[in-house]
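Student: My structure is below; once you've seen it, I'll send some questions.
Chains as they are written, first to last, in the working numbering: chain A, 27 to 139; chain B, 19 to 493.
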């Protein structure tokens, strides 16, 4: 396992711990973003295992291309991820009017029967 | 057939957005979609040949639609139609109907997709559309309930995505079949995502709050079809890859018992129904090869029950024992409760018989206990007092008639169930269930703690489930 792979996995793990340990809702959402950055990084890493060149097939001599499939896939996931992030932040904005501290334990006390 | 499939899968999204442009036609456009799915679903059930499609070359989207998909699509069609009819007279905006169409379309997409990435995209769209429907009343509480759902499901989907990548790394393809050759950690990550999304076992404990605090039609939709999007891929994996079959079956038994264990003690009608969703999903997973039919009957009965429960005079079962219900409402409630308990003449009976027959020996005790628990907690509904006078509007009866009527007609899918021994067994189970209800449950009040339903615990449980899954796959 390369150092890069270890670092990417650490990013994912840190994001996950952030979701659990942070008390504030905004911080939780940001931690989720860190985690998804880690996942995106892992896709890019796997794509570049066979080569680093941009996969455009018009170069004269054969070079080691990066695998285009994971990159194409992660593009979709990035778009979905950021739209969900935006949607959640809008929800948080609405919630912050009544619970300005945005502490999850407070919100749960308010809104769970 | 392939072009029909493509048109059918794309149409809900086009219609969904057209509703926004033609708000005057919203309900009429929306109802056309489930009607189309109904026809398509029936065709798939009776067509013996599965249809496999690969769009755009090697790494494109792959679809596969067979009898199993047919049952799930039919469930989706009937439940969506019933929910739309229920909302017909209410003043829901075009936005609501747009989201309903998009939700219906993406749920359909899950039921025919055959690769991990199409599944991921469809599941995420479902998450967004379900969030928007839950938060439709725009109250702070509904926004929080929706946000909590989106948070849990999105975190689970990140794990899923990681698993999908590991499958690609080993097999150089995202096809479902590749999961069989993938390393155990990949399988564990994918299963974690699907179990959480499908509301199964402890990772499914987000479900009771979400389903019970949503509006009545949205609860019906969520419990009737949306959770089945997490279950369907698991059933597919179990059928496709024999090594995963015991794991799926074990989770089936586990979640069936866990859900029932909570539901028996529950005093809130909507929460009880939500816990029964957790439990009934277990019946689908416990016997994957016949899961489609069980999913159909469960979808019909659970959405009917949620629609009825939304029109009861109170949510608290203790209070309901003091208020007499009007006779027609009680009859509808009793029919639905009898079906889910497995009483003959209703298709819940056929589905239970079929599932019980397909169990492997070690599952039998657990699943029979779960069936007994189901009859105990639905005795709470059946023995509610009758004789009240309030009348309900026609927009309530049309969807209920549709759902309960389909429950009777669906008997036709498995008419061989009607043998003497098969008929006696559920009657005995219901009898014992009622005895336990009158002897114990009605007298004892016992409140289970809700700590584990807090957001942090729901996320934390994912790490425990992940290691559990890893060792299960490795073993």
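The beta carbon of each residue, even a glycine, is placed where N, CA and C say it ideally should be.
Applying the criterion that 16 or more other CB atoms from any shown protein chain within 10 Å of the CB defines a buried residue, is residue 231 (chain B) buried or exposed?
Tutor: buried
Student: Assuming residue 405 (chain B) is part of the beta strand (DSSP E), what are its boundary residues?
Tutor: Note, residue 405 (chain B): beta strand (DSSP E), 404-406.
Student: Is the Cβ-Cβ distance between residue 358 (chain B) and residue 319 (chain B) less than 9 Å?
Tutor: Cβ distance < 9 Å, so residue 358 (chain B) and residue 319 (chain B) count as in contact.
Student: Using the DSSP secondary-structure output, state which residues sit across from residue 72 (chain B) in a beta bridge.
Tutor: B:80
Student: Who are the near neighbours of residue 353 (chain B) in its chain, counting only those whose CB is closer than 6 Å to its CB and skipping five residues on each side?
Tutor: 422
Student: Which bits of chain B does residue 138 (chain A) rub up against, with CB to CB less than 7 Å?
Tutor: 227
Student: Quick one: what does DSSP say residue 481 (chain B) is sitting in, helix, strand or coil?
Tutor: Residue state, collapsed to three classes: helix.
Student: Let me see if you follow: with CB-CB separation under 9 Å, is residue 478 (chain B) close to chain A or not?
Tutor: At a cut-off of 9 Å between C-beta atoms, residue 478 (chain B) counts as an interface residue with respect to chain A.
Student: Could you tell me the distance, in whole angstroms, from the CA atom of residue 365 (chain B) to the CA atom of residue 428 (chain B)?
Tutor: Each residue's alpha carbon lies about 6 Å from the other.
Student: Measuring alpha carbon to alpha carbon, tell me which of B:71, B:186, B:49 ends up nearest residue 120 (chain B).
Tutor: B:49
Student: So for residue 104 (chain B), helix, strand or coil by DSSP?
Tutor: helix
Student: Comparing C-alpha positions only, which one of B:325, B:247, B:310, B:303 sits nearest to residue 291 (chain B)?
Tutor: Minimum Cα distance to residue 291 (chain B) is reached at B:325.
Student: Using a Cβ-Cβ cut-off of 9 Å, state whether residue 31 (chain A) counts as contacting chain B.
Tutor: no
Student: Are at least three pairs of beta-carbons, each pair with one atom in the segment 150-164 of chain B and one in the segment 185-194 of chain B, less than 8 Å apart?
Tutor: no
Student: To the nearest angstrom, report how far apart residue 18 (chain B) and residue 408 (chain B) are at their CA atoms.
Tutor: Here chain B has residues from 19 to 493 only, and residue 18 (chain B) is not among them.
Student: What's the C-alpha gap between residue 63 (chain A) and residue 133 (chain A)?
Tutor: 27 Å
Student: Is the CB-CB distance between residue 243 (chain B) and residue 97 (chain B) below 9 Å?
Tutor: yes
Student: Can you pull the chain B neighbours of residue 62 (chain A), defined as C-beta to C-beta under 7 Å?
Tutor: 176
Student: Out of B:355, B:486, B:228, point me to the one whose CA is closest to residue 137 (chain A)'s CA.
Tutor: B:228
Student: Spell out whether any CB of chain A is found under 9 Å from the CB atom of residue 199 (chain B).
Tutor: No, no contact with chain A.
Student: Taking 9 Å as the cut-off, decide whether the C-beta atoms of residue 93 (chain B) and residue 44 (chain B) are in contact.
Tutor: no
Student: Who are the neighbours of residue 117 (chain A) on chain B, taking C-beta pairs under 9 Å?
Tutor: Taking the beta carbon of residue 117 (chain A) as reference, the chain B residues within 9 Å of it are 149, 153, 161, 162, 164, 165, 168, listed in sequence order.
Student: Taking 9 Å as the CB-CB cut-off, is residue 143 (chain B) touching chain A?
Tutor: yes
Student: Identify every residue that forms a DSSP beta bridge with residue 133 (chain B).
Tutor: B:193
Student: Between the segment 132-149 of chain B and the segment 71-90 of chain B, do at least 3 Cβ pairs fall closer than 8 Å?
Tutor: Short answer: they touch.
Student: Taking the C-alpha atoms as reference points, what is the distance between residue 110 (chain A) and residue 181 (chain B)?
Tutor: For residue 110 (chain A) and residue 181 (chain B), the gap between their C-alpha atoms comes out near 20 Å.
Student: Grab me the residues of residue 370 (chain B)'s own chain with a C-beta within less than 6 Å of its C-beta, minus the 5 sequence neighbours each way, in chain order.
Tutor: 360
Student: Measuring CB atoms only, is the segment 304-311 of chain B touching the segment 398-418 of chain B, in the sense that at least three cross pairs come out at less than 8 Å?
Tutor: In short, these stretches do not touch, since the Cβ pair count stays below three.
Student: Can you find the residues in the same chain that come closer than 8 Å, C-beta to C-beta, to residue 188 (chain B), ignoring five residues on each side of it along the sequence?
Tutor: 196, 199, 200, 201, 204
Student: Given a cut-off of 9 Å, decide if residue 375 (chain B) and residue 313 (chain B) are closer than it, judged by their beta-carbon atoms.
Tutor: no
Student: When you compare the segment 475-488 of chain B with the segment 208-228 of chain B, are there three or more beta-carbon pairs, one atom per stretch, that lie closer than 8 Å?
Tutor: As far as the Cβ criterion goes, the segment 475-488 of chain B touches the segment 208-228 of chain B, which means the pair count is three or higher.
Student: Taking C-beta pairs closer than 9 Å, name the residues in chain A that residue 187 (chain B) reaches, listed in chain order.
Tutor: 72, 75, 96
Student: Please state whether DSSP places residue 466 (chain B) in a helix, a strand or coil.
Tutor: In the three-state DSSP reduction, residue 466 (chain B) falls in the coil class, being neither helix nor strand.
Student: Could you name the residues of chain B that residue 68 (chain A) contacts, counting a contact when the two beta carbons are closer than 7 Å?
Tutor: 180, 183
Student: Would the beta-carbon of residue 146 (chain B) fall within 9 Å of that of residue 113 (chain A)?
Tutor: yes
Student: Round the Cβ separation of residue 384 (chain B) and residue 281 (chain B) to the nearest angstrom and send it over; I've been treating them as touching at under 8 Å.
Tutor: The C-beta separation of residue 384 (chain B) from residue 281 (chain B) comes to about 16 Å, leaving the pair out of contact by the 8 Å criterion.
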